[in-house]
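Following: one structure in structure tokens, then a few remarks.
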Amino acid sequence: MASPPTNLHFVLFPWPAQGHLIPMVDIARMLAQRRVTVTIITTPVNTNRIKPVIDRATEANLKIQVLDIQLPFAKAGLPEGCESFDMIPSVAYVANMFLAMKLLEEPAEEMVKALCPRPSCIISDGGFPWTSDVAKRLDIPRIVFYGPGCFASLCLNVVNNTNVVDEIDSDLEYFALPGLPDRIEVTKPQALSWGKGNMKETKETFERTEEAEKAAFGIVVNSLNELEPKYVEEFAKATGKKVWCIGPVSLCNKRFEDIAERGNKAANHELDCLKWLDSREPRSVVYVCFGSLSSASADQAIELALGLESSYKPFIWFVRRTSDEFERWISEERYEERIKDRGLMVRGWAPQILILSHQAIGGFVTHCGWNSTLEAVCAGIPMVTWPHFADQFLNERLIIDVLKIGVKVGAEVPIMYRGKDKLDMMVKREAIKTAVEGLMNDEDEAHTRRKRAQELGEMAKRAMDEGGSSHLNMTLMIEAITEEVTKKTKPITDIV
Ligand code: UDP
30 MASPPTNLHF VLFPWPAQGH LIPMVDIARM LAQRRVTVTI ITTPVNTNRI KPVIDRATEA
90 NLKIQVLDIQ LPFAKAGLPE GCESFDMIPS VAYVANMFLA MKLLEEPAEE MVKALCPRPS
150 CIISDGGFPW TSDVAKRLDI PRIVFYGPGC FASLCLNVVN NTNVVDEIDS DLEYFALPGL
210 PDRIEVTKPQ ALSWGKGNMK ETKETFERTE EAEKAAFGIV VNSLNELEPK YVEEFAKATG
270 KKVWCIGPVS LCNKRFEDIA ERGNKAANHE LDCLKWLDSR EPRSVVYVCF GSLSSASADQ
330 AIELALGLES SYKPFIWFVR RTSDEFERWI SEERYEERIK DRGLMVRGWA PQILILSHQA
390 IGGFVTHCGW NSTLEAVCAG IPMVTWPHFA DQFLNERLII DVLKIGVKVG AEVPIMYRGK
450 DKLDMMVKRE AIKTAVEGLM NDEDEAHTRR KRAQELGEMA KRAMDEGGSS HLNMTLMIEA
510 ITEEVTKKTK PITDIV
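Per the numbering used here: the sequence shown ends with 525, consecutive numbering throughout.
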């Protein structure tokens, strides 16, 4: 086994979306806590978003620096300043964003070359497959980070490497993904909601991502072995790679400021909403939030508002992106007045971990983004699952079928598949009411779900504690890189 690291330098390339940037920053801090020097390379808007966390880390003597890389807006046809997927004006710009990311290869390579001490490892998002070529040219091992857990990653691997999807004609039929440890059924649009997509630019990136995975030194995952043991094992087998589960990485946040200000500045009402939560009964409130990217149409937001109102359960709802139409409805219907004895609506960014860990919270209506899923697991909170797109339908299957800590709201069609029949595909207020009541009621099934969620939360904390599986996996990952670096720096005569 190699000796403890003293001069390791990891370079991190986070994908420009909150759901990837936030855990990557946590990984940076976890590495720096192990005496590794860390450089994060990202664009100025993202640098600005993570600045408070990084400043606090450097004040605590952690060796982390952030270097800015400029996106070629004009060349990629992107509006100036559009540096994160939550800033894209419309779906029409997704291809431009992929192109802009691709064009970073050359400047990024120059930046990595100029770093001192010489980088020992690159951890880059799967969405930056060109980092594999940079790593190869500079002879630096590259570890991939995808974002989701092993369950969703394995499902995607099955979808991409078998012809199971080609054999399905209907978009509505549920079929089982072959070769998985459990029977997992999805529809074709759900299976294809994450991956190559149907644009030239996204297809090209995902194909290169698959190639780059083959060349990778290993895969680092924000998960814990105990949460999805069979899937961790099968994912490692399917990829033939070392897979280090080092999470839930959100648990590395111990200071109030780090917990309260993750990813973005929380909406001004941070303290107001905590005060409001303080006034509620333990485990009585439903927290509603759909992550950093999903946004509901005005019609869907109205259904949600009515569904929450009719459930008669206390709720706190963070509306991250609102619309004039929805706000008009709220005001005309005096909705906030109507629900004020039990509901609070907040516009803006939620201090999510702070809220989830408040004793008043008893349930989470979530879009099943992987970070939100894990954050709910850490807090021991069961979920109403309402996937929108990407890996979220797969994460829902894990929550419902494997972990058994959720109630489905009944969303079946990925949002990007919504066409003319939009109203038919919306989740109706009755379904929202039924799911929220099912989650929060006093029946045996709900108790069992709550108990299971709490046990998983304890398990997650143990994994991150010293001696826990994720803590150990972080050690193993650093040791593997240390060995690799040592091998490379050995004189030729020693190798022969
Ligand atoms: N998040 C937050 N406040 C918000 C919305 C999101 O803190 O108002 C955080 C959330 O805690 C999570 C991340 O942003 O860490 C979202 O990642 P996730 O994978 O859940 O969903 P995505 O945004 O990628 O769809």
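All residues carry an ideal CB built from backbone N, CA and C; glycine is no exception.
Option in Leu60, Arg426 and Pro43 with minimal Cα separation from Thr511: One-based indexing of the sequence shown puts residue 511 at position 482. Among Leu60, Arg426 and Pro43, the Cα nearest to that of Thr511 belongs to Leu60.
beta-carbon Cys111 near ligand 1 non-hydrogen atom, thresh 8 Å: Walking along the sequence shown from the start, residue 111 turns up at place 82. Result no, Cβ not under 8 Å from ligand 1.
Cα-Cα separation between Val525 and Ala509, rounded to whole angstroms: Numbered from its first residue, the sequence shown carries residue 525 at position 496. Numbered from its first residue, the sequence shown carries residue 509 at position 480. Low local confidence applies: a pLDDT of 44 at Val525 is under 50, so the model's placement there is unreliable, with the coordinate-based value given in what follows. Val525 and Ala509: Cα-Cα distance of roughly 21 Å.
Own chain, CB closer than 7 Å to Gly320, minus 5 neighbours either side, in chain order: On the sequence shown, residue 320 is found 291 positions in, with the first residue counted as 1. Closer than 7 Å at Cβ, skipping near neighbours: Gly48, His396, Gly398 and Ser401.
Pro81 Cβ short of 8 Å to ligand 1 heavy atom set: Taking the first residue of the sequence shown as position 1, residue 81 is located at position 52. No; taking the cut-off as 8 Å, the Cβ of Pro81 has no heavy atom of ligand 1 nearer than that.
Of the residues Pro258, Ala103 and Val187, the one placed nearest Ser498, counting alpha carbons only: Counting from one through the sequence shown, the residue named residue 498 turns up at place 469. Taking only the C-alpha atoms, the option nearest Ser498 is Pro258.
Residue range of the beta strand (DSSP E) that includes Cys274: In the sequence shown, residue 274 corresponds to position 245, counting from 1. Start and end: Val272 to Cys274.
Residue environment, Ala564, which counts as buried when at least 16 other CB atoms sit within 10 Å: No answer is possible for residue 564: the residues shown for the chain start at 30 and end at 525.
Euclidean distance between Cα positions of Phe114 and Arg479: Translated into the one-based positions of the sequence shown, residue 114 becomes position 85. Translated into the one-based positions of the sequence shown, residue 479 becomes position 450. So the alpha carbons of these two residues sit roughly 34 Å apart.
Top-ranked residue by Cα proximity to Tyr203, from Trp305, Asn293 and Glu214: Here residue 203 refers to the residue found at position 174 of the sequence shown. Considering only alpha carbons, the answer is Glu214.
Where Phe174 falls: helix, strand or coil (DSSP): Here residue 174 is taken as the residue at index 145 of the sequence shown, counted from 1. Looking at Phe174 - three-state DSSP - the assignment turns out to be strand.
Buried versus exposed call for Val120 [16 or more other C-beta atoms within 10 Å across all chains shown]: Here residue 120 refers to the residue found at position 91 when the sequence shown is read from its first residue. So Val120 ends up on the exposed side.
Any chain C beta carbon closer than 9 Å to Glu365: In summary, chain C is missing from the structure at hand, where a single protein chain is found.
Of the residues Arg367, Leu423, Ala103 and Ile169, the one placed nearest Ala244, counting alpha carbons only: Position 215 of the sequence shown, counting from 1, holds the residue named residue 244. Cα-wise, what sits closest to Ala244 is Ile169.
Strand pairing of Asp154, partner residues [DSSP]: Locating residue 154 in the sequence shown gives position 125, counting from the first residue. Answer is Phe174.
Beta-bridge pairing of Ile214 - partner residues as DSSP gives them: The residue you call residue 214 lines up with position 185 of the sequence shown. Before going on, a small fix: residue 214 reads as Glu here, not Ile. According to DSSP, Glu214 bridges with Ala205.
At least three beta-carbon pairs within less than 8 Å, the segment 354-367 to the segment 273-283: no
Alpha carbon of Ser222 to alpha carbon of Gln421, nearest angstrom: Numbered from its first residue, the sequence shown carries residue 222 at position 193. Numbered from its first residue, the sequence shown carries residue 421 at position 392. Those two C-alpha atoms are separated by around 9 Å.
Cβ contact check for the segment 173-183 and the segment 147-162: 3 or more pairs under 8 Å: yes
With 16 other Cβ atoms within 10 Å as the buried cut-off, status of Tyr260: For the purposes of this step, residue 260 is taken as the residue at position 231 of the sequence shown. Classification of Tyr260: buried, given that the 10 Å Cβ count is 16 or more.
heavy atom of ligand 1 below 8 Å from Cys274 C-beta: Along the sequence shown, one-based indexing puts residue 274 at 245. No - ligand 1 has no heavy atom lying nearer than 8 Å to the Cβ of Cys274.
Counted within 10 angstroms of its Cβ, other Cβ atoms place Asn192 as buried (16 or more) or exposed: In the sequence shown, residue 192 corresponds to position 163, counting from 1. That one is exposed.
Three-state secondary structure (DSSP) of Thr66: Position 37 of the sequence shown, counting from 1, holds the residue named residue 66. Looking at Thr66 - three-state DSSP - the assignment turns out to be strand.
His387 burial status per 10 Å Cβ neighbour count (16 or more: buried): Sequence index remark: in the sequence shown, residue 387 carries index 358 (1-based). His387 should be labelled buried.
Thr71 versus Ala137, Glu109, Asp84 and Gln62, residue with shortest Cα-Cα distance: Here the question's residue 71 lines up with position 42 in the sequence shown. The residue with the shortest Cα to Cα distance from Thr71 is Ala137.
Ile197 versus Val442 - alpha carbon distance: Against the sequence shown, residue 197 aligns to sequence position 168. Against the sequence shown, residue 442 aligns to sequence position 413. In a straight line, the C-alpha of Ile197 is about 16 Å away from that of Val442.
Coarse secondary structure for Val413, derived from DSSP in three states: One-based indexing of the sequence shown puts residue 413 at position 384. In this structure, Val413 counts as strand in the three-state DSSP scheme.
Any non-hydrogen atom of ligand 1 within 8 Å of Glu257 CB: Counting from 1 along the sequence shown, the entry for residue 257 is found at position 228. Glu257 Cβ: outside cutoff for every heavy atom of ligand 1.
First and last residue of the uninterrupted beta strand (DSSP E) at Leu373: What you label residue 373 is simply residue 344 of the sequence shown in a count that begins at 1. Looking at the DSSP string, the run of the beta strand (DSSP E) that includes Leu373 is Gly372 to Arg376.
For Cys318, the residue or residues it bridges with in DSSP: If you number the sequence shown from 1, residue 318 lands on position 289. Cys318 is bridged to Thr395.
Whole-angstrom C-beta distance between Leu133 and Ile98, which should lie under 8 Å: Here residue 98 is taken as the residue at index 69 of the sequence shown, counted from 1. Here residue 133 is taken as the residue at index 104 of the sequence shown, counted from 1. Confirmed, about 6 Å.
Alpha-carbon spacing of Cys412 relative to Lys217, whole angstroms: Position 383 of the sequence shown holds residue 412. Position 188 of the sequence shown holds residue 217. Inspection of the sequence shows that residue 412 is occupied by Met rather than by Cys. Their backbone Cα atoms lie some 24 Å apart in a straight line.
Pairwise C-alpha distance: Ile151 and Val456: One-based indexing of the sequence shown puts residue 456 at position 427. One-based indexing of the sequence shown puts residue 151 at position 122. So the alpha carbons of these two residues sit roughly 42 Å apart.
For Arg85, three-class secondary structure by DSSP: Here residue 85 refers to the residue found at position 56 of the sequence shown. The answer is helix: DSSP assigns Arg85 an H, G or I state.
Where Thr351 falls: helix, strand or coil (DSSP): To locate residue 351, count along the sequence shown from 1; it is residue 322. Three-state DSSP puts Thr351 in coil, outside helix and strand.
Residue environment, Ala103, which counts as buried when at least 16 other CB atoms sit within 10 Å: For this step, residue 103 is matched to residue 74 along the sequence shown. So Ala103 counts as exposed.
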